[in-house]
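Q: There's a structure below that I have some questions on.
2 protein chains.
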Amino acid sequence: MNILLIEDDKRIAALVDRGLREDGHNVSISFSGTEGAEMMLGGQYDVALLDMLLPGMTGLSVLETVRSRRCTTPILMLTAVDSVPKVLEAFDLGADDYLVKPFLLEILLARVRAITRRTKNAVPPVLQASGIALDRTQRVAVRNGQTVALTSKQVALLEVLMYRRGLVTSREELIEAGWGTADKVKANTLDVYIHSLRTKLKDDETGRPLIRTVHGTGYIFANE
Amino acid sequence: MNILLIEDDKRIAALVDRGLREDGHNVSISFSGTEGAEMMLGGQYDVALLDMLLPGMTGLSVLETVRSRRCTTPILMLTAVDSVPKVLEAFDLGADDYLVKPFLLEILLARVRAITRRTKNAVPPVLQASGIALDRTQRVAVRNGQTVALTSKQVALLEVLMYRRGLVTSREELIEAGWGTADKVKANTLDVYIHSLRTKLKDDETGRPLIRTVHGTGYIFANE
DNA sequence: ACTCCTGTTTAACGTGGCATTAACGCCACG
DNA sequence: CGTGGCGTTAATGCCACGTTAAACAGGAGT
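Structure (structure tokens):
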């Protein structure tokens, strides 16, 4: 893990540096705000630890600067007790967490781990095929940036079709996927859902339909 | 934070209850050991405060009972000076910490914080997402400089939603987070709170709703 | 003790989304 | 050219959710 530490107090910096290295991280240190901001914008860091009180450029200004330049590196603020009220301001400017000095090294390490864990996940299970991504937890499909809301039944059917892309899926299989058993559901209910899916996910420019009908058998989801 | 207090002395119970509430926690109280044990096994509490001397079932028996049934809720024992020797026994049965009565409220609060930090590995005190910062100790949300006051229940729910930003959170999970157990709370109570949150944190200019409904499933807090 | 205030919970009612079916038009394939 | 499978649209009923207001409880201040 590459960590950037921006801290002017060399005693604290050395301490933190040693602790982080012992935990297996690579640490870069900057003693000034302006330099730190540049390093953050240039370098590829996984986390930045940013002191609130710095000579020249305050921690808040650094924060504001890098965030305004589309830097998304997770930032953990280090602050003395007397500037705790300013912490909210920091969060408003895009900080990810904060820690009050003096702090135990273990707590800092735990926070760093927490931050990286938090920013790294957030990739839900998604099925992808033919330029369409299906997020079944959120029940949405994404097609070249555009998000399309789907109902639960639509997701259930599209999921099977996409999973079996390039293969014919029979009407019976689809009904089973959506309703469990084939009874209790009238004949054309499935047609209605296929229609709704086709409407929501309009065919792309190539003219090739996404969901093709195989007469007398079932449906096929386009492969590639 | 959902806390269960098992204490037969109503004077002390009231005092502790008030203190914990002021610190932003949800408190459930039981005056008897048997009831307390059941609540602990049933409900989803983050910490339990357990008096040693109880009518009917002693604190130690409660401890033994719940631990034998695979209950891992952190337990902090409350004990009078004369039963301090029994504390060792309590630790042997799976207690996490103890406190001698009479105690200062602040000390209890610190212990509770310490226990939850130890077990829950430090959820940061301020959550930030989609231009909103939530300070759950002060019970306020900040949005581009503007501070919005929230009630404890609102914070409990918003906290879960923000922590799981970008992911769907089911109604059951939310109810569990706010009330511990799913019983005892009528169906639409959650809707009312969601409504209050949406009213207080009005959607931003982009038109994208901050808290989106996933019909039949739950809610989702906007990511980014 | 009384009242005000605030937060929580419940109840009543409105609204909209979703699932399902029916009706009907069209197309495919014999 | 006809039959059966499929497409399309609209209507219906149900249920989840939204919204508002009022009941309720506890605490703070007088």
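Sequence order for the protein chains is A and B.
Okay, so the first sequence: first residue is 27 according to my numbering, each after it adds one.
Okay, so the second sequence: first residue is 27 according to my numbering, each after it adds one.
Using N, Cα and C, we set each Cβ at its ideal position, and we do this for glycine too.
Can you give, in chain order, each stretch of the beta strand (DSSP E) that sits fully within the segment 79–118 of chain B and has at least 3 residues?
A: Those beta strand (DSSP E) runs which fall completely within the segment 79–118 of chain B and span 3+ residues are 101–106.
Q: Give me the DSSP bridge partner(s) of Asp123 (chain A).
A: DSSP output for Asp123 (chain A) lists A:Leu102 as bridge partner(s).
Q: Can you tell me whether Tyr219 (chain A) is helix, strand or coil according to DSSP?
A: Note: Tyr219 (chain A) maps to helix in three-state DSSP.
Q: Of all Cβ atoms in chain A, is any one closer than 7 Å to the Cβ of Gln180 (chain B)?
A: Gln180 (chain B) does not count as touching chain A.
Q: Give the straight-line distance between the Cα atoms of Ala182 (chain B) and Ile220 (chain B), rounded to the nearest whole angstrom.
A: Each residue's alpha carbon lies about 11 Å from the other.
Q: Buried or exposed, going by whether 16 or more other CB atoms sit within 10 Å of the CB of Val194 (chain A)?
A: Classification of Val194 (chain A): exposed, given that the 10 Å Cβ count is below 16.
Q: Between Arg234 (chain A) and Thr177 (chain A), what straight-line distance do the alpha-carbon atoms span, to the nearest angstrom?
A: So the two alpha carbons sit approximately 24 Å from each other.
Q: Between which residues of its own chain and Lys127 (chain B) is the CB-CB distance below 8 Å, once the five residues before and five after are set aside?
A: Within the same chain, Lys127 (chain B) has close Cβ partners Ile38, Leu104, Thr105, Ala106, Val107.
Q: Ends of the alpha helix (DSSP H) at Asp43 (chain B)?
A: First-last of the alpha helix (DSSP H) with Asp43 (chain B): 36–48.
Q: Just the C-alpha distance for Leu118 (chain B) and Ile55 (chain A), rounded to the nearest angstrom, thanks.
A: Here residue 118 (chain B) turns out to be Asp, not Leu, going by the sequence shown. Cα-Cα distance, rounded: 46 Å.
Q: What does the Cβ neighbour count give for Asn147 (chain B), buried or exposed, with the cut at 16 atoms within 10 Å?
A: Since pLDDT at Asn147 (chain B) reaches only 49, below the 50 mark, its modelled position is unreliable, and no value is offered.
Q: For Arg47 (chain A), which residues of its own chain have a beta-carbon under 7 Å away from its beta-carbon, when the five flanking residues on both sides are left out?
A: Result list for Arg47 (chain A): Val53, in chain order.
Q: Could you tell me whether the Cβ of Ala175 (chain B) comes closer than 7 Å to any Cβ of chain A?
A: For Ala175 (chain B), the answer is no, since every Cβ of chain A falls outside 7 Å of its Cβ.
Q: The ligand PLP and Tyr219 (chain B): does the residue's C-beta get closer than 6 Å to at least one heavy atom of that ligand?
A: Ligands are entirely absent from the displayed structure, and the ligand PLP is therefore not among its contents.
Q: Sort A:Ile32, A:Asp72, A:Gly45, A:Asp161 by Cα distance to Glu64 (chain A) and report the nearest one.
A: Residue A:Ile32 is the option with its Cα nearest to Glu64 (chain A).
Q: Give me the chain A residues within the contact set of Leu184 (chain B), using Cβ-Cβ distance strictly less than 9 Å, ordered along the chain.
A: By Cβ distance, chain A contributes nothing, its closest Cβ being about 14 Å from Leu184 (chain B), past 9 Å.
Q: Which residues in chain A sit within 9 Å of Gly171 (chain B), going by Cβ to Cβ distance?
A: Under the 9 Å cutoff, chain A gives Glu115, Asp118.
Q: With DSSP run on the structure shown, which of helix, strand or coil describes Val138 (chain B)?
A: The answer is helix: DSSP assigns Val138 (chain B) an H, G or I state.
Q: Mark Arg96 (chain B) as exposed unless 16 or more other C-beta atoms lie within 10 angstroms of its C-beta, in which case mark it buried.
A: Classification for Arg96 (chain B): exposed.
Q: Nearest chain A C-beta to Asn147 (chain B) closer than 7 Å, yes or no?
A: Because Asn147 (chain B) sits at a pLDDT of 49, beneath the cut-off of 50, its placement in the model cannot be relied upon, and the point is left open.
Q: Using a beta-carbon distance cut-off of less than 7 Å, what residues from the segment 86–112 of chain A approach chain B?
A: Listed by position, the residues of the segment 86–112 of chain A near chain B (Cβ gap below 7 Å) amount to none.
Q: Using a Cβ cut-off of 7 Å, pull out every chain B residue sitting near Gln70 (chain A), in sequence order please.
A: What Gln70 (chain A) touches in chain B: nothing, since even the nearest Cβ is about 21 Å away.
Q: Taking the Cβ atom as the reference point for each residue, do Val168 (chain A) and Ala175 (chain A) lie within a distance shorter than 7 Å?
A: No, the Cβ-Cβ distance between Val168 (chain A) and Ala175 (chain A) is not below 7 Å.
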